[in-house]
Amino acid sequence: MRMLVFGGTGMLGRALAAEGRRRNQPVLALSRAQGDVRDRRRLAYWAGAFAPEVIVNCAAFTQVDACEERRQHALEVNGEAVAHVAAAAAGAGAALVQVSSDYVFDGGGSRPYREDDPLGPLSVYGESKRLGEERALAYERALVVRASWLFGAGGPSFPATIRRLIADGKTPLRVVDDQVGAPTYTPYLARAIWDLAQRRATGVVHYRNRPPVSWYGVACEIAAAVRPRAEVVPVTTSEFPRPAPRPAYSVLDVGRFEELVGRAVEPWLAGLTDFLDTMARREGNSGD
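Going by the numbering used here, the letters in the sequence shown line up with residues 99 to 386, in that order.
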């Protein structure tokens, strides 16, 4: 399956390319400079030149707090530009996979969110991702994959930040314990997207790793692996104010994914262990 990736140099884009190589499938992963999703003509050019069977849009403005100040930019990149990606897919006769977020939900639930649950984003970022979903789903061959709390090599993430702070001895760390979701390791998500694309899934599918956990819980696991004596202190959201509100509970129901693909989602702790090992190896190599 020929896959064209926009946003191909970020965490997920790199993971998609690596998974494609593992499967011996042709992948073209473009940087923002090569394929800016706001440039309709540029997208159409790449879609025509590469002739993909599926286009995956990973391109996004993901700085959640910065989106509050740059609302129009967020709505353009994460929302309206998705229509250009969909048009490129339609022109090439390709399927479309649009990557979305758990932040399209308001966090007021008490059970994992299903694909058809009402949306209610609290932040500009969540609003922009909802708009992107709407633009993608206007194309009949589109699949929206909602994922949560992404981390992996090749980009900024919560685990990367916590690991660095602990390694640098900047403790105690105060970490929010009343926001519950689920981390998603980008190599696992890349595998999931390939599996869904090869099954020609459409509509909306949720994917994340298991089990649900708070940010504090994730930080404790990182501390245990990096510096067991490092102190991590749980705090409430009200004690750690941010410009953009976050959902208190954003766990995604992955039943549809597991039914479509025929396997359970992976544990995030296995992904975290692999991520930490990868970072340690890279630092070791750079120090030689």
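Where a beta carbon is used, it is the ideal one built from N, C-alpha and C, also for glycine. Note that the structure is predicted; figures quoted are calculated from it, not measured.
Taking the beta carbon of residue i as the centre, do at least 16 other beta carbons fall within 10 Å, making it buried, or is it exposed?
| i | result |
| --- | --- |
| D386 | With a pLDDT of only 47 at D386, under 50, the local geometry of the prediction cannot be trusted, and no value is derived from it. |
| Y286 | buried |
| A131 | exposed |
| A362 | exposed |
| P60 | Shown here, the chain extends from 99 to 386; a query on residue 60 therefore has no answer. |
| E231 | buried |
| R209 | exposed |
| A322 | exposed |
| N122 | exposed |
| E381 | exposed |
| S199 | buried |
| E147 | Just to set this straight, residue 147 is Ala in the shown sequence, not Glu. Its Cβ having fewer than 16 others within 10 Å, A147 is exposed. |
| R120 | exposed |
| R112 | buried |
| G267 | exposed |
Less than 7 Å between C-beta atoms, sequence neighbours within five positions excluded: which residues of the same chain meet that for residue i?
| i | result |
| --- | --- |
| P332 | V273, D275 and Y314 |
| V302 | E213, V242 and R244 |
| G207 | Y347 |
| A190 | A145, G146, A149 and P150 |
| N383 | none |
| A186 | L141, A142, A145 and I153 |
| R298 | A193 |
| T74 | Here the chain has residues from 99 to 386 only, and residue 74 is not among them. |
Within a Cβ cutoff of 6 Å, which residues of the same chain sit near residue i, ignoring the five residues on either side of it in sequence?
| i | result |
| --- | --- |
| T107 | S129 |
| E166 | V222, P341 and A342 |
| R228 | V202, L217 and P219 |
| R325 | I264 |
| A158 | N176 |
| A181 | R233 |
| P124 | R100 |
| A288 | A113, L114 and E117 |
| R169 | V222 |
So, under 8 Å CB-CB, residue i and residue j are touching, yes? Tell me the CB distance rounded to an integer number of Å.
| i | j | result |
| --- | --- | --- |
| L194 | V183 | 7 Å |
| A290 | F355 | 7 Å |
| W305 | V352 | The sequence given here places Tyr at residue 305; Trp does not occur at that position. Contact flag correct, Cβ pair sits at about 6 Å. |
| V154 | M101 | 6 Å |
| L271 | A317 | 6 Å |
| E319 | L370 | 6 Å |
| T284 | M99 | 19 Å between Cβ atoms; not a contact. |
| P310 | D204 | Incorrect: roughly 17 Å between the Cβ atoms, too far for contact. |
| Q196 | A142 | That belief does not hold up - the Cβ atoms of Q196 and A142 are roughly 17 Å apart, past 8 Å. |
| S246 | V278 | 10 Å between Cβ atoms; not a contact. |
| A127 | A115 | 4 Å |
| P150 | A188 | Not quite, the Cβ-Cβ distance comes to about 12 Å (not below 8 Å), so this is no contact. |
| E39 | N307 | Absent from the structure is residue 39, since the part of the chain shown begins at 99 and ends at 386. |
| G133 | R139 | Going by Cβ atoms, the distance from G133 to R139 rounds to 11 Å, so no, they are not a contact pair. |
| M377 | R261 | 7 Å |
| E329 | T269 | 5 Å |
Measuring CA to CA, which of the options is closest to residue i?
| i | options | result |
| --- | --- | --- |
| F249 | T371, T282 and R340 | T282 |
| Y237 | V152, E117 and G133 | V152 |
| G118 | K227, W292 and P270 | W292 |
| V359 | A185, R261, Y211 and Q296 | Q296 |
| G224 | A328, R112, A172 and V330 | A172 |
| Q161 | G253, F338 and T269 | G253 |
| Y211 | A280, N383, Q170 and P339 | A280 |
| E174 | S226, T334 and C156 | S226 |
| D375 | A251, T300 and T334 | A251 |
| D137 | T259, E178, A288 and R168 | E178 |
Of all the CB atoms in chain D, is at least one closer than 7 Å to the CB of residue i?
| i | result |
| --- | --- |
| A192 | Absence of chain D from the displayed structure is noted, only one protein chain being present. |
Given residue i, which residues of its chain have a CB within under 8 Å of its CB, disregarding the five upstream and five downstream residues?
| i | result |
| --- | --- |
| D163 | R340, P341 and A342 |
| C156 | V103, F104, G105, G106, G108, L110, G111, L114 and V197 |
| T334 | V274, D275 and D276 |
Self-check item: Length at least 4, wholly inside the segment 198 to 263: the alpha helix (DSSP H) runs in chain order
Solution: 222 to 235
Practice problem: Please go through the segment 110 to 163 and give each complete alpha helix (DSSP H) segment of 4 or more residues, from N-terminal end onward. | Solution: 138 to 148
Quiz prompt | Runs of beta strand (DSSP E) wholly within the segment 310 to 363 (minimum 3 residues, chain order) | solution = 330 to 333
Self-check item: Secondary structure, alpha helix (DSSP H): runs of 4+ residues fully inside the segment 272 to 303
Solution: 284 to 296
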